[in-house]
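S.K.: Below you will find the structure I want to go over with you.
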């Protein structure tokens with residue numbers, strides 16, 4: 001979504017505040033066991049009543065639906081939620097605009113996969129990062145992008161393969177680093193989910209107690 005469009009939405013609906021233009025205007029949040037959506041100020045705009053709530057993002061099955069009338073609900077102006085085993089698309093006011101039907105789902109046309117430049121490499125039980133195209137000799141420490149020193153590393157899916165976010169574990173705590181071994185998110189979490197939250201929302205889904213997960217941005221701000 002372009003910043004221009006996001007700002008025009010905010011003018012239409014003053015609750016859709018834009019503090020950080022890289023972030024979604026609505027962010028899934030769990031309260032009392034149910035999901036809703038908060039704005040960038042942390043205010044609930046869509047009340048928590050759902051078992052599942054994901055980021056506002058394209059649904060390729062609806063975008064390619066044989067039913068032309070429902071294709072618009074596959075755009076990133078809508079989000080998928082689930083309540084009582086029924087899935088819906090909701091708009092940014094929280095209105096349920098579409099209930100999923102099996103016969104409406106088309107086949108996804110997959111984008112060309114972006115090949116990762118970097119990958120995790122294990123040496124003597126520790127994880128590091130190598131650049132796949134140039135790495136040859138594990139005995140030469142200079143060939144490592146990050147020399148193996150972590151308990152665990154996972155490269156998050158994202159749009160910028162030259163500067164991916166990397167979930168890392170050190171001293172039994174999780175944080176996030178970049179390919180230059182700079183700490184993006186401090187090592188203070190018991191877990192960080194390895195999912196599509198960075199690709200879809202430029203956010204990380206984290207927990208400190210192993211049970212209650214919530215979203216943070218790249219500045220470690222909680223939502």
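Residue numbers (full-length UniProt numbering): 1 to 223.
Note that the Cβ used here is the ideal one computed from N, Cα and C, for glycine as well.
Treat the numbers as computed from the prediction; the structure is a model and nothing was measured.
1. Using the C-alpha atoms, what's the distance from residue 91 back to residue 46?
2. Candidates 62, 69, 58 and 179: which alpha carbon is nearest residue 77's?
3. Can you give me the Cβ contacts of residue 214 inside the same chain, cut-off strictly under 8 angstroms, excluding the 5 residues immediately before and after it?
4. Let me confirm a value: residue 80 is counted as buried when at least 16 other C-beta atoms fall within 10 Å, else exposed. Which label applies?
5. Give a yes or no on whether the C-beta atoms belonging to residue 185 and residue 216 are separated by under 8 angstroms.
6. Can you give the Cα-Cα distance for residue 19 and residue 40, rounded to whole angstroms?
7. Can you round the beta-carbon distance between residue 175 and residue 148 to whole angstroms, since I take them to be within the 8 angstroms contact cut?
8. Report yes if the C-beta distance between residue 163 and residue 140 is below 8 angstroms; otherwise report no.
9. For residue 4 and residue 122, I'd like the C-alpha separation in whole angstroms.
10. Go through its chain and collect everything with a Cβ distance to residue 138's Cβ below 7 angstroms, but skip five positions before and after it.
11. Which residue or residues does DSSP assign as beta-bridge partners of residue 106?
12. From the DSSP output, in three-state form, read off residue 247 for me.
13. Quick check: the Cα distance between residue 159 and residue 102, rounded to an integer number of angstroms?
14. Would residue 161 and residue 114 qualify as a contact pair, given that the criterion is a beta-carbon distance under 8 angstroms?
15. DSSP three-state call for residue 83: helix, strand or coil?
16. Check each candidate in 62, 23, 52 and 16 and name the one with the smallest Cα separation from residue 43.
17. So residue 33 and residue 53 are supposed to be a Cβ contact under 8 angstroms. How far apart are they, rounded?
18. Going by DSSP, what residue range makes up the beta strand (DSSP E) through residue 117?
19. Measure the alpha-carbon distance for residue 73 versus residue 21 and round it to whole angstroms.
20. Among 180, 190 and 195, whose alpha-carbon lies nearest the alpha-carbon of residue 156?
21. For residue 107 versus residue 67, is the C-beta distance shorter than 8 angstroms?
22. Among the candidates 75, 172 and 180, whose CA atom is the shortest distance from the CA of residue 146?
23. Quick one: what's got a C-beta closer than 6 angstroms to residue 2's C-beta in the same chain, skipping five residues either side?
M.R.: So, from the data block:
1. Looking up residue 46 in the chain shown gives position 46. Looking up residue 91 in the chain shown gives position 91. Their backbone Cα atoms lie some 10 angstroms apart in a straight line.
2. Walking along the chain shown from the start, residue 77 turns up at place 77. With distances taken between Cα atoms, residue 77 lies closest to 58.
3. For the purposes of this step, residue 214 is taken as the residue at position 214 of the chain shown. Once the five neighbours on either side are set aside, the close Cβ partners of residue 214 are 29, 30, 205, 206, 207, 222 and 223.
4. Here residue 80 refers to the residue found at position 80 when the chain shown is read from its first residue. By the 10 Å Cβ count, residue 80 comes out buried.
5. Your numbering for residue 185 matches position 185 in the chain shown. Your numbering for residue 216 matches position 216 in the chain shown. A contact, by the Cβ cut-off of 8 angstroms.
6. On the chain shown, residue 19 is found 19 positions in, with the first residue counted as 1. On the chain shown, residue 40 is found 40 positions in, with the first residue counted as 1. Using only the alpha carbons, I get a separation of about 6 angstroms.
7. In the chain shown, counting from the first residue as 1, residue 175 sits at position 175. In the chain shown, counting from the first residue as 1, residue 148 sits at position 148. Actually they do not touch by this definition, with Cβ atoms about 17 angstroms apart.
8. On the chain shown, residue 163 is found 163 positions in, with the first residue counted as 1. On the chain shown, residue 140 is found 140 positions in, with the first residue counted as 1. No, these two residues do not count as a Cβ contact at 8 angstroms.
9. In the chain shown, residue 4 corresponds to position 4, counting from 1. In the chain shown, residue 122 corresponds to position 122, counting from 1. Because the pLDDT of residue 4 is 49, which lies under 50, any placement of that residue in the model is unreliable, and the question is left without a value.
10. The residue labelled residue 138 in the question sits at position 138 within the chain shown. Contacts found: 123.
11. Counted from its first residue, the chain shown places residue 106 at position 106. Answer by DSSP bridge pairing: none, since residue 106 is not bridged.
12. There is no way to answer for residue 247, as the model of the chain reaches only from 1 to 223.
13. As a working mapping, residue 159 is identified with position 159 in the chain shown. As a working mapping, residue 102 is identified with position 102 in the chain shown. Computed Cα separation, rounded: 30 angstroms.
14. Residue 161 sits at position 161 when you count from the first residue of the chain shown. Residue 114 sits at position 114 when you count from the first residue of the chain shown. In contact: residue 161 and residue 114 (Cβ atoms closer than 8 angstroms).
15. Within the chain shown, numbered from 1, the residue matching residue 83 stands at position 83. Residue 83: strand per DSSP, three-state reduction.
16. Within the chain shown, residue 43 is the residue found at index 43, counting from 1. The shortest Cα separation from residue 43 among 62, 23, 52 and 16 belongs to 16.
17. Residue mapping note: residue 33 aligns to position 33 of the chain shown, counting from 1. Residue mapping note: residue 53 aligns to position 53 of the chain shown, counting from 1. Contact flag wrong, Cβ pair sits at about 12 angstroms.
18. Start at 1 with the first residue of the chain shown, and residue 117 comes out as number 117. That residue, residue 117, is in no beta strand (DSSP E); it is neither H nor E in DSSP.
19. The sequence position of residue 73 within the chain shown is 73, counting from 1. The sequence position of residue 21 within the chain shown is 21, counting from 1. When rounded, the distance between both Cα atoms is 23 angstroms.
20. For the purposes of this step, residue 156 is taken as residue 156 along the chain shown, with counting starting at 1. Checked all of 180, 190 and 195; the closest Cα to residue 156 is 195.
21. Along the chain shown, read from residue 1 onward, the residue named residue 107 stands at position 107. Along the chain shown, read from residue 1 onward, the residue named residue 67 stands at position 67. For the 8 angstroms CB-CB criterion, residue 107 and residue 67 do not form a contact.
22. Working through the chain shown from its first residue, we reach residue 146 at position 146. Closest option to residue 146, Cα to Cα, is 180.
23. As a first step, residue 2 is located in the chain shown; it is residue number 2 there, counting from the start. In this prediction, residue 2 has a pLDDT of 46, which is less than 50 and means its spatial position is unreliable; what the coordinates show is noted afterwards. For residue 2, where only same-chain residues beyond five positions count, there are no Cβ hits under 6 angstroms.
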